[in-house]
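So the sequence shown is numbered by our numbering: it starts at 213 and just counts up by one.
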Amino acid sequence: MSLRVAGVGAGYFSQFHYDSWARMDRARAIAACDRDIAKARATGLKAYADLDAMLAAEAPDLLDIILPPDAHAEAIRTALVHDIPNIICQKPFCRSLDEARAATEAAEAKGTTLIVHENFRFQPWYRAIAEMLAGGLVGELQQVTFRLRPGDGQGPRAYLDRQPYFQTMPRFLIHETGVHWIDVFRFLLGDPLAVYADLRQVNPVLAGEDAGFVLFDHPGGVRALLDGNRCLDHAADNTRRTMGEALIEGLAGTLDLHGDGSVWLRAFGMREAELRLPPDTYAGFGGDCVHHLQRHVVSGLLDGTALENTAQDYLKVIETEQAVYRSAGTGAKIRLHAS
């Protein structure tokens, strides 16, 4: 069996989605929709300017929503009206927690599988780090630090050539970008128990914040720190490959994620580090994480393997995000309900 896939959205990031579908063995992209019909045609697929029209004509097995968050809820509702059985929706998932919950409940009432396209946990270095942690490579884990340093946020033209809506988002660093590491941290460490945040704006042309610190308390006394500043960079030939650098520290050693996607192990008390994952050589986005996620979804739908980042599960990420903003607004640590 092969899934028939239609995409809505043909902006900058959609190139990675459509490229991935073109490489699938058991899924086939059949159509693309965008209000700018020229962009839809540029995908090389059957093109539509209206989502209703595309879904009525094509009746795909899966709709891939590749739109900004303002358009998510409406696109999901339209897909449900047309009885589309499976949906993947880009992150950030909807505009608010209430909107995300409503979309999730509507999909569940229809029996529709709704997956959030949160792909960073599918980057090869995080899958490898998860295996290393499960194997006890660093001993008793103490803390995880990620320094977000894409270096793409300086000046009056920041983001305008790639994703111009970034400039107008009232919540930016966490809502658009930091959610990736909220999800990565919960993938590696379990759902957080509490958060404390100090956020700020560096580039004045933005509506939202673009720098800050977020401290997460995880089960077992483990802590995670997201240290983010989109105006600063890190040592990498492509600063968007990993978006920064990470340290995963345990009592027996430390894993060090470099900007080239390599992971190094330094045993406690040693000065030299051992290469445990070689540098990434994929020329596209994030170690081909879009393809890894979409292949994971195809396997789940066709083979019945467990699906990660279902909409219901992803609500925990949005709840944590909301707690981060409450903490930044009040200056207080916010406690969460762990699963």
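Every residue, glycine too, gets a C-beta built ideally from N, C-alpha and C.
Would the segment 360–379 and the segment 336–344 be scored as touching if the rule is three or more Cβ pairs under 8 Å?
no
Burial state of G433, where buried means 16 or more other Cβ atoms lie within 10 Å:
exposed
Can you find the residues in the same chain that come closer than 6 Å, C-beta to C-beta, to L411, ignoring five residues on each side of it along the sequence?
E421, G424 and A540
Decide if T532 is buried, meaning its Cβ has at least 16 other Cβ atoms within 10 Å, or exposed.
buried
Below 8 Å, can you find three or more Cβ-Cβ pairs linking the segment 324–332 to the segment 493–508?
yes
Pair every Cβ in the segment 401–420 with every Cβ in the segment 445–461, then say whether three or more of these pairs are closer than 8 Å.
no
Are P272 and I249 touching if we call contact CB-CB under 8 Å?
no
Can you name, in chain order, every residue of its own chain whose Cβ lies under 8 Å from the Cβ of T290, other than the five neighbours on each side?
L263, D264 and L267
For N298, tell me which candidate among E320, E311, S308 and Q227 has the shortest Cα-Cα distance.
E320
Is the beta carbon of A464 less than 8 Å from the beta carbon of V356?
no
Short check: CB of G223 to CB of A244, under 8 Å?
no
Of the residues D231, H430 and I277, the one placed nearest R547, counting alpha carbons only:
H430
List the residues that DSSP assigns as beta-bridge partners of R247.
None; R247 has no bridge partner.
Could you check which residue in E461, K303 and Y260 has the C-alpha nearest to that of L326?
K303
List the DSSP bridge partners of I460.
V356 and L467
Could you pull out every residue in the same chain whose Cβ sits closer than 6 Å to the Cβ of L505, ignoring the five residues on either side in sequence?
N331 and F334
Whole angstroms are fine: how far does the CA of L400 sit from the CA of A287?
31 Å
Does the beta-carbon of D515 have 16 or more other beta-carbons within 10 angstroms, so that it is buried, or is it exposed?
exposed
Just to confirm, is the Cβ distance from T324 to L292 under 8 Å?
yes
Starting from the C-beta of R235, find all residues in its chain whose C-beta is less than 8 Å away, skip the five residues before and the five after it, and write them out in chain order.
H503
Hey, which unbroken runs of the beta strand (DSSP E) at 3 residues or more fall wholly within the segment 425–462?
435–441 and 456–462
Cβ of R359 within 8 Å of Cβ of H446?
yes
First through last residue of the beta strand (DSSP E) which encompasses K258
K258 to Y260
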